[in-house]
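Notes follow the structure.
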DNA sequence: ATTCTGAGCCAC
DNA sequence: AAACGTGGCTCAGAAT
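In this note's numbering, the protein residues as written are 194 to 951.
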């Protein structure tokens, strides 16, 4: 209601022409009296130290004043003209522009945009929807919590009929509207029609929203947001030419040449769409599906030129959307008693440590206030003085840990940091994120959240409820908070050595392939090959622990996969750089096919500016790989003249480090996603079964606790056979059963102990 | 008062 | 010179 009033008020503009000219006149009169003219004031204000944003605003106001469109506020006119006043005038200017934009939007509403308000209109629309092949769909809601918020309207773009409609169902306008229930019932044949395609921007949100209101949205064939990720995963990155986001409003200007204002810019920050007047709601909402449709056509055309990507998108990423909606909706149960008890333990210990640390460090702290143990800025100088040694930074692993044995204060600080991180980020924070509607905890899994194709997990950009959390970085200590529902258990299945198997397949390296064929540990196999010693001897120590050689091989392996320099490798292994270089040289000398593959990845990227994931399903564009290195003469490294050259070269280095990793991580993510789709298909056929989570190389299921050996075997088959690395490299999996996350026993043991207790 | 950035650290 | 890939969250401190 507020907004409607505002708009009406503002259309009867308070700063009418006569008033404006009066103000201009008043300002002019006072100008003579003042010691400073407006021109002088502007000169003074514009030479002040203003931020870029402020400076731009100031110029806008100056131009508007000169054009006579805005004058000084009468209340301010007696005072000296200040920057603050100019900025207040800018706010009025911006507000007028906003109103003008809204007025124009309504005035210029295209003829084929229609508001659907009556049963007759809806019945007619329904018939036309059923005659379409593909329709663009969007919902307008009260918020982004798909378990709590409600639909206030929905829009559709019908390409065959050339119509773009908005159906308000819960706007606070006085105009009578159709009820949501009636609309959903009438449109159900369309919404649930598998063969009538649906195109959306961020489809997971709308699928979940429709489901919440009791109507599945079937037949989604394209998501302009996820497909944009596939077409340009760097769209987020302005340094690589992206627009900085994957929002429809940001993509439309770039790819369709259509200017598009954001919701916030048009309606204000915390505006509710249901308060937007219907004529305005129509043009805004219908434009959304119209743009979605046009973006779809554009994307479709471009992806068709990359048929392997198109095939992957349609057969994996699109079906996956439904899988993730289910996975997220299933959610988690947390053991709040566990969290409370554990949290109290942590607080108690943190308090003790905090008191001791403050007592020790206060004499070395310069500030007036008590030293803040969480501030690296305060802690570094104080701690340096306390131990009599200048610390370069406060990095726990690199800087503090090596000094732990010598200085009790550092040992205590490390324990303190550990505990406070654990409690503030996980143990205390998670219990507060329970969803008010479902009473469960729901994380977000973004299937296109990374540039390589892995999932990211966390909260929604637009989410103001603070209920989201990253489910993929829960530390070992926090995982037991997550418990299986009553009568169920969690079954975790990982891809054993997923990325190394992937490398074995992509490179064709026989040393690696043989390791997997013989079901041997690849690190031990590499160690055996490298040190020319028997496999058993380098695999496990007599006490069952991992050998030094195997551990070292794992470090080197991962280092290489991620493009680590010899310098860093030496640091990590505790040897000289020369030794590290030799070590790597010999190791990879013993695996020529792998070495050739690594080199080929870089060469390909240098030539083409991108690399492929498996089966050319996905590209990772690294345009910086094509740049030519700039020469920096010896001894000039610290010359400021070469700052840009250094930056330039480090971009190239970074791009080349990304190539191999992107191929491996990208291909592995495809394996995980395909397997998830198969796993989901299996779950929907089994009462009580659901997918619970995925953590990159791992799937976790929620299943009835009386699940059978046969069903466990089904899970194994799904893991091993849904996506294979060619014919030569077998997959591997370990399956475990848990009542609490992270406290698993091997599935065989689970069945054995069950039989024994019977 | 709100938003942004960097340091640091959790996961794979 | 920099030196390990992909993410997200919290806190401090600065910027707006």
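Just so it is clear, CB atoms sit at the ideal spot from N, CA and C, and this is done for glycine as well.
Cβ separation of residue i and residue j, assumed to be a contact under 8 Å, to the nearest whole Å
i, j, result
"residue 881", "residue 747", "Wrong, their Cβ atoms sit about 39 Å apart, outside the cutoff."
"residue 717", "residue 732", "4 Å"
"residue 283", "residue 325", "Actually they do not touch by this definition, with Cβ atoms about 46 Å apart."
"residue 815", "residue 851", "5 Å"
"residue 868", "residue 915", "4 Å"
"residue 930", "residue 943", "4 Å"
"residue 873", "residue 516", "4 Å"
Boundaries (first-last residue) of the alpha helix (DSSP H) holding residue i
i, result
"residue 610", "601-614"
"residue 459", "456-460"
"residue 843", "836-877"
"residue 686", "Looking at the DSSP string, residue 686 is not in any alpha helix (DSSP H); the run it does join, the beta strand (DSSP E), is 681-688."
"residue 580", "569-580"
"residue 446", "441-449"
"residue 258", "245-260"
"residue 491", "471-497"
Start-to-end residues for the beta strand (DSSP E) that takes in residue i
i, result
"residue 788", "Residue 788 -> not in any beta strand (DSSP E); alpha helix (DSSP H) instead, spanning 785-801."
"residue 308", "306-308"
"residue 505", "Counting along the chain, residue 505 falls outside any beta strand (DSSP E), though it belongs to the alpha helix (DSSP H) covering 500-505."
"residue 344", "344-351"
"residue 339", "No beta strand (DSSP E) contains residue 339, which DSSP labels as neither H nor E."
"residue 332", "327-334"
"residue 430", "That residue, residue 430, is in no beta strand (DSSP E); it is neither H nor E in DSSP."
"residue 357", "356-361"
Coarse secondary structure for residue i, derived from DSSP in three states
i, result
"residue 536", "helix"
"residue 643", "coil"
"residue 825", "coil"
"residue 285", "helix"
"residue 926", "strand"
"residue 223", "Below a pLDDT of 50, predicted positions are generally treated as unreliable, and residue 223, at 49, falls in that range; no measurement from the model is reported."
"residue 808", "helix"
"residue 562", "coil"
"residue 888", "coil"
"residue 618", "helix"
"residue 366", "coil"
"residue 406", "coil"
"residue 935", "coil"
"residue 393", "strand"
"residue 820", "coil"
"residue 584", "coil"
"residue 526", "strand"
"residue 412", "coil"
"residue 882", "coil"
"residue 739", "strand"
"residue 650", "strand"
"residue 950", "helix"
Top-ranked residue by Cα proximity to residue i, from the options
i, options, result
"residue 704", "669, 784 and 754", "784"
"residue 285", "446, 639 and 266", "266"
"residue 527", "821, 910, 632 and 770", "632"
"residue 234", "270, 720, 484 and 432", "270"
"residue 434", "892, 902, 357 and 817", "817"
"residue 802", "848, 840 and 839", "848"
"residue 389", "406, 415, 884 and 828", "415"
"residue 412", "396, 391, 399 and 401", "391"
"residue 167", "420, 594 and 584", "Limits of the chain in this structure are 194 at one end and 951 at the other, which puts residue 167 out of reach."
"residue 697", "738, 788, 639 and 665", "788"
"residue 625", "588, 533 and 678", "533"
"residue 700", "671, 791 and 364", "791"
Cβ-based burial, residue i [other Cβ within 10 Å; buried from 16]
i, result
"residue 941", "exposed"
"residue 629", "exposed"
"residue 418", "buried"
"residue 346", "buried"
"residue 225", "Unreliable positioning characterises residue 225 in this predicted model, as indicated by a pLDDT of 45, which lies under 50. A coordinate reading is not provided."
"residue 689", "buried"
"residue 926", "buried"
"residue 634", "buried"
"residue 297", "exposed"
"residue 264", "buried"
"residue 452", "exposed"
"residue 711", "exposed"
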